[in-house]
Amino acid sequence: MTAEDSHHGADIAARVERRWATVAVIIIVMMAVLAAFAGIHRATMPQPRVETTDPSRLHLSGEFVESNLGSVLEANGAVTVRAIGQQYSFTPACIVVPSDTPITLRATSADVVHGILIQGTNVNTMLVPGYISEQLMRFTRTGDYLMPCQEFCSFGHEGMWGKVRVIDKAEFANRAKAGGRLSCVGQ
Ligand code: CUA
Numbered sequence: 000m001t002a003e004d005s006h007h008g009a010d011i012a013a014r015v016e017r018r019w020a021t022v023a024v025i026i027i028v029m030m031a032v033l034a035a036f037a038g039i040h041r042a043t044m045p046q047p048r049v050e051t052t053d054p055s056r057l058h059l060s061g062e063f064v065e066s067n068l069g070s071v072l073e074a075n076g077a078v079t080v081r082a083i084g085q086q087y088s089f090t091p092a093c094i095v096v097p098s099d100t101p102i103t104l105r106a107t108s109a110d111v112v113h114g115i116l117i118q119g120t121n122v123n124t125m126l127v128p129g130y131i132s133e134q135l136m137r138f139t140r141t142g143d144y145l146m147p148c149q150e151f152c153s154f155g156h157e158g159m160w161g162k163v164r165v166i167d168k169a170e171f172a173n174r175a176k177a178g179g180r181l182s183c184v185g186q
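So this is what it looks like as structure tokens:
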């Protein structure tokens, strides 16, 4: 190899290196632009599905009238739980659900912002007046779970507790046969 050849080789190497450095910079810039776009877009766009309700009319008509609160076994075997939070209690105060069943919790607030947290699970959602919160849940273990309000809602907040009782699937199905909305209030 002559001196000229090796000089030529170094030239090519330098050029290739510059080219790939440029490609790397372009990739990094593109990723930064994408991240910024996704962040701004998500922060400025509404959620794909927002359900609203009139908190002053909850008790008069619609999904959250008192007779419709509690747990219901749907035709497809899933369970829907409807509940409301108000200063300073949940209705129903004791929610009964079956184990090993997909459960949809639908809840809202009648007054101020409350929160539903089911201890020992990842169920944790805010109840905002005017909006319906929906959360999917599933329990593998039967027993009682505490359900404190987890959003400060004025002076009675500390005393705002509910309970979730998970019972055997067959027992729940048996109780559901009678129809209506199930709860474990007073049981
Ligand atoms: Cu309701 Cu805190």
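For the sequence shown, the residue numbers in numbering that gives the first Met the number 0 are 0 to 186.
Built from N, CA and C at the ideal position, the CB exists for glycine as well.
Fair warning: this is a prediction, and the values are worked out from it, not measured in the lab.
Are residue i and residue j close, meaning C-beta to C-beta below 8 Å?
i                : j              : result
cysteine 183     : glycine 84     : no
alanine 82       : proline 91     : yes
methionine 146   : serine 88      : no
glutamate 50     : isoleucine 115 : no
tyrosine 144     : glycine 185    : no
glutamine 86     : glycine 178    : no
phenylalanine 63 : threonine 52   : yes
Please go through the same chain and pick out, in chain order, the residues whose beta-carbon is closer than 8 Å to the beta-carbon of residue i, but skip the five residues on each side of it.
i             : result
proline 54    : Thr107, Ser108, Ala109, Asp110, Pro128 and Gly129
histidine 112 : Note that residue 112 is valine in the sequence shown here, rather than histidine. Closer than 8 Å at the Cβ level, and outside the excluded window around valine 112, lie Met125, Leu126, Val127, Pro128, Glu150 and Cys152.
glycine 142   : Arg164 and Val165
glutamate 73  : Thr79
histidine 40  : none
Just list the residues that DSSP pairs residue i with in beta bridges.
i             : result
asparagine 75 : For asparagine 75, which the question treats as bridged, DSSP gives no partner whatsoever.
threonine 124 : Ile115
serine 132    : Ala106
threonine 21  : Partner(s): none; threonine 21 has no beta bridge.
threonine 51  : Tyr130
Within its chain, find whatever has a CB closer than 6 Å to the CB of residue i; leave out the 5 residues flanking it on each side and keep chain order.
i              : result
glycine 161    : Phe89, Ala92 and Met146
serine 66      : none
serine 70      : Val78, Val80, Val95, Val96 and Leu181
isoleucine 117 : Tyr144, Met146 and Val163
Heavy atom of the ligand MG less than 7 Å from the Cβ of residue i, yes or no?
i          : result
glycine 84 : Judged by which ligands are present, the ligand MG is missing from the structure shown, whose ligands are the ligand CUA.
Would you say residue i lies against chain D (beta-carbon separation less than 8 Å)?
i           : result
leucine 145 : As a matter of chain content, chain D is missing from the structure shown, which is built from one protein chain.
Which residues in the same chain have their Cβ closer than 7 Å to the Cβ of residue i, if we skip the five residues on either side of it in sequence?
i          : result
leucine 68 : Arg81, Ala82, Ile83, Thr90, Pro91 and Arg180
Evaluate the contact criterion for the region 134 to 149 versus the region 103 to 117: three or more CB pairs, one atom per stretch, below 8 Å.
yes
Take every Cβ of the region 53 to 61, pair it with every Cβ of the region 118 to 126, and state whether three or more of those distances are shorter than 8 Å.
no
Between the region 87 to 97 and the region 160 to 174, do at least 3 Cβ pairs fall closer than 8 Å?
yes
Entirely within the region 72 to 112 and at least 3 residues each: give me those beta strand (DSSP E) ranges in chain order.
78 to 85, 88 to 90, 93 to 97 and 102 to 108
For a minimum of 3 consecutive residues, which ranges assigned as the beta strand (DSSP E) are wholly contained in the region 136 to 169?
142 to 147 and 160 to 166
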